[in-house]
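**Q** Below is a structure I'd like to ask you about.
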Ligand code: NDP
């Protein structure tokens, strides 16, 4: 028998054993990070075009083996094959975008030195941090961490990835594929195990942490990073609202809100959990939602709950919602042993736990509002601020502008996540910092200001030889410029 500490993963739909993995111990984490530091030194010394070529070659390999990735995602997350395939394909989109755009967004920027320093040239370089520790969740086991991994690599860092204990296989597979392209250096490594391995990673000498997971864990991660004075990105949970105005296309609004809330078994950080619908069209909207949801089945349209403990939270929220509200679709028996059938409830008080805490299951609560002012006020009245969806033919932009969240889709849901160019992240308890887009590339570098004289002025300001005449010039210029 092996004396290496291990853990196992199971098919969420059946409970069958899938894989057994070592729990990386603290010494091993330290060794991995030391190797990553050597890799970062080499990687950051390459030109942008060389890094782009290597990452695009890696991406081509990933795409050519997308079926293997899909198999692993299906096995450990329990989602349907087509969802897993879509997830893997979108992850590859981000690798390509980050690789292609890093040279442009991270190039040195020349800045104006200003009148007083007119003899100087000034520029800002974007410098990779070194080793980025990526800590990931289980709900989108390739897409979510890739939002950090691809952007950190494209920016010139090496990466050590700690996947969720429920979905380590795809992380290990990713590291293996990059190793095939770059056998000489450990550009992407994976440490496996429970939360304590994530904690060890933060303390192992990494230069930045990119965390995706629950707000509760994010606070521990942030505290540990502050203790070490390393920067961090936090991508956390949400309680995302959908706002449906009286002029909305109700068929489309209902269809997309339903998908947003139920797909991936409701386990999407940017998935709908609350719907605020204008009272004039509420009855019709709820009727369409009921019809469509009645045709959705767990195990066919979406998979099992990936994390068994989440079922307890879903059960508690369904119970709470049904105690205070009216069932539209489903009941208490909808929460099964492994699968959760769709649940839709109306008229749930805003202060109930099912309206305030993240459910992370296929549960939608629909509350009727007098107008969009009330919808906006309720949508914003939560500790979270991740994403929102607005449905209105005329007022989409106006409503969107008043929402306190990191991402808004007008007459659509989710699509920003598939766009390499769009930053992804939240405000309030949904997190800080951004992955994806130019902001996601910048996130994995720090600005270094570099200045040098283009010619020497007869007036010296930064010298003990500064004269009374120089003082006079300085104060006169100041007075002229700022009066
Ligand atoms: P958790 O917070 O439970 O875990 C996230 C990761 O952190 C896991 O790898 C976990 O390891 C690790 N971890 C746990 N404790 C520590 C610690 N003390 N120090 C360092 N790492 C630790 O989240 P879930 O995995 O349950 O993911 C679901 C959550 O993620 C939801 O709230 C969801 O909204 C959010 N999410 C947010 C996204 C976003 O982009 N905003 C995207 C996707 C999900 P282990 O698994 O072994 O416990």
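In this note's numbering, the protein residues as written are 116 to 598. Even for Gly, the Cβ is constructed at its ideal location relative to N, Cα and C.
Under the three-state reduction of DSSP, which class applies to residue 123: helix, strand or coil?
**A** Counting from one through the chain shown, the residue named residue 123 turns up at place 8. Note: residue 123 maps to strand in three-state DSSP.
**Q** Hey, could you find the ends of the alpha helix (DSSP H) residue 346 is sitting in?
**A** Counting from 1 along the chain shown, the entry for residue 346 is found at position 231. Premise fails: residue 346 is in no alpha helix (DSSP H) and is neither H nor E.
**Q** Leaving out the 5 sequence neighbours to the left and right, which residues in its chain are closer than 8 Å to residue 472 when beta-carbon positions are compared?
**A** Position 357 of the chain shown, counting from 1, holds the residue named residue 472. Cβ neighbours of residue 472 beyond the five flanking positions: 354, 428, 432.
**Q** Output the distance between the C-alpha atoms of residue 574 and residue 581, rounded to the nearest integer angstrom.
**A** Translated into the one-based positions of the chain shown, residue 574 becomes position 459. Translated into the one-based positions of the chain shown, residue 581 becomes position 466. For residue 574 and residue 581, the distance between alpha carbons rounds to 7 Å.
**Q** Rounded to the nearest angstrom, how far is the Cβ of residue 465 from that of residue 422, given a contact under 8 Å?
**A** Numbered from its first residue, the chain shown carries residue 465 at position 350. Numbered from its first residue, the chain shown carries residue 422 at position 307. About 27 Å separates the two Cβ atoms, so there is no contact after all.
**Q** Which stretch, first to last residue, makes up the beta strand (DSSP E) that contains residue 555?
**A** Stepping through the chain shown from its first residue, residue 555 is reached at position 440. It is not in any beta strand (DSSP E) - residue 555 instead sits in the alpha helix (DSSP H) that spans 552-558.
**Q** For residue 564 and residue 392, what's the separation of their Cα atoms in angstroms?
**A** Indexing the chain shown from 1 puts residue 564 at position 449. Indexing the chain shown from 1 puts residue 392 at position 277. Spanning the two alpha carbons is a distance of roughly 50 Å.
**Q** From the DSSP output, in three-state form, read off residue 460 for me.
**A** Sequence index remark: in the chain shown, residue 460 carries index 345 (1-based). Note: residue 460 maps to strand in three-state DSSP.
**Q** Where do the N-terminal and C-terminal ends of the beta strand (DSSP E) with residue 137 fall, by residue?
**A** On the chain shown, position 22 is the one that residue 137 refers to. Counting along the chain, the beta strand (DSSP E) containing residue 137 begins and ends at 132-137.
**Q** Secondary structure at residue 434, three-state DSSP: helix, strand or coil?
**A** For the purposes of this step, residue 434 is identified with residue 319 of the chain shown, where counting begins at 1. Residue state, collapsed to three classes: helix.
**Q** What does DSSP give as the partner residue(s) for residue 389 in the beta ladder?
**A** Here the question's residue 389 lines up with position 274 in the chain shown. In DSSP, residue 389 forms a bridge with 356, 480.
**Q** Taking C-beta to C-beta, are residue 286 and residue 152 nearer than 8 Å?
**A** To locate residue 286, count along the chain shown from 1; it is residue 171. To locate residue 152, count along the chain shown from 1; it is residue 37. Cβ atoms of residue 286 and residue 152: not closer than 8 Å.
**Q** Between residue 364 and residue 526, what straight-line distance do the alpha-carbon atoms span, to the nearest angstrom?
**A** Taking the chain shown and counting its residues from 1, the one referred to as residue 364 is at position 249. Taking the chain shown and counting its residues from 1, the one referred to as residue 526 is at position 411. Near 8 Å, if we compare the C-alpha coordinates of residue 526 and residue 364.
**Q** In or out: residue 127 buried (at least 16 other Cβ within 10 Å) or exposed?
**A** Your numbering for residue 127 matches position 12 in the chain shown. Residue 127 is buried by the Cβ-count criterion.
**Q** Excluding the five sequence neighbours on either side, which residues of its own chain have a C-beta within less than 6 Å of the C-beta of residue 425, listed in chain order?
**A** Numbered from 1 along the chain shown, position 310 holds the residue referred to as residue 425. The answer, listed in chain order, is 475.
**Q** Is the beta carbon of residue 122 less than 8 Å from the beta carbon of residue 308?
**A** As a working mapping, residue 122 is identified with position 7 in the chain shown. As a working mapping, residue 308 is identified with position 193 in the chain shown. Going by C-beta atoms, residue 122 is nearer than 8 Å to residue 308.
**Q** Let's see if you can read the secondary structure: which residues bound the alpha helix (DSSP H) around residue 243?
**A** Position 128 of the chain shown, counted from the first residue, corresponds to residue 243. Careful: residue 243 lies outside any alpha helix (DSSP H), inside the beta strand (DSSP E) at 235-243.
**Q** Grouping DSSP H, G and I as helix and E and B as strand, with all else coil, what is residue 601?
**A** Any question about residue 601 goes unanswered here, given that the chain covers just 116 to 598.
**Q** Quick one: using the 10 Å Cβ neighbour count with 16 as the cut-off for buried, is residue 342 buried or exposed?
**A** The sequence position of residue 342 within the chain shown is 227, counting from 1. Result: exposed.
**Q** Taking Cβ positions, are residue 304 and residue 147 nearer each other than 8 Å?
**A** Looking up residue 304 in the chain shown gives position 189. Looking up residue 147 in the chain shown gives position 32. The answer is yes: Cβ separation under 8 Å.
**Q** Please state the DSSP three-state secondary structure of residue 260.
**A** For this step, residue 260 is matched to residue 145 along the chain shown. Note: residue 260 maps to helix in three-state DSSP.
**Q** When you compare only the Cα positions, how much space is there between residue 562 and residue 349?
**A** The sequence position of residue 562 within the chain shown is 447, counting from 1. The sequence position of residue 349 within the chain shown is 234, counting from 1. C-alpha separation (whole angstroms): 20 Å.
**Q** Let me confirm a value: residue 157 is counted as buried when at least 16 other C-beta atoms fall within 10 Å, else exposed. Which label applies?
**A** By one-based count along the chain shown, residue 157 stands at place 42. Exposed, by the Cβ-count rule.
**Q** So, are the CB atoms of residue 623 and residue 514 less than 8 Å apart?
**A** Residue 623 falls outside the range modelled here, since the chain spans only 116 to 598, and no answer is possible.
**Q** What residue range is occupied by the uninterrupted beta strand (DSSP E) comprising residue 294?
**A** Taking the first residue of the chain shown as 1, we reach residue 294 at position 179. Run containing residue 294: none in the beta strand (DSSP E); it sits in the alpha helix (DSSP H), 284-296.
**Q** If you reduce the DSSP assignment to three classes, tell me which class residue 567 lands in.
**A** For the purposes of this step, residue 567 is identified with residue 452 of the chain shown, where counting begins at 1. Residue state, collapsed to three classes: strand.
**Q** Counting only the same chain and skipping the five closest in sequence on each side, list residues whose C-beta sits under 7 Å from that of residue 116.
**A** As a working mapping, residue 116 is identified with position 1 in the chain shown. Because the pLDDT at residue 116 is just 47, under 50, the model does not fix this residue reliably, and the value given afterwards should be weighed accordingly. Within the same chain, residue 116 has no close Cβ partners at all.
**Q** Count the other CB atoms within 10 Å of the CB of residue 480; is the residue buried (16 or more) or exposed (fewer)?
**A** What you label residue 480 is simply residue 365 of the chain shown in a count that begins at 1. The residue in question, residue 480, is buried, as its Cβ has 16 or more Cβ neighbours within 10 Å.
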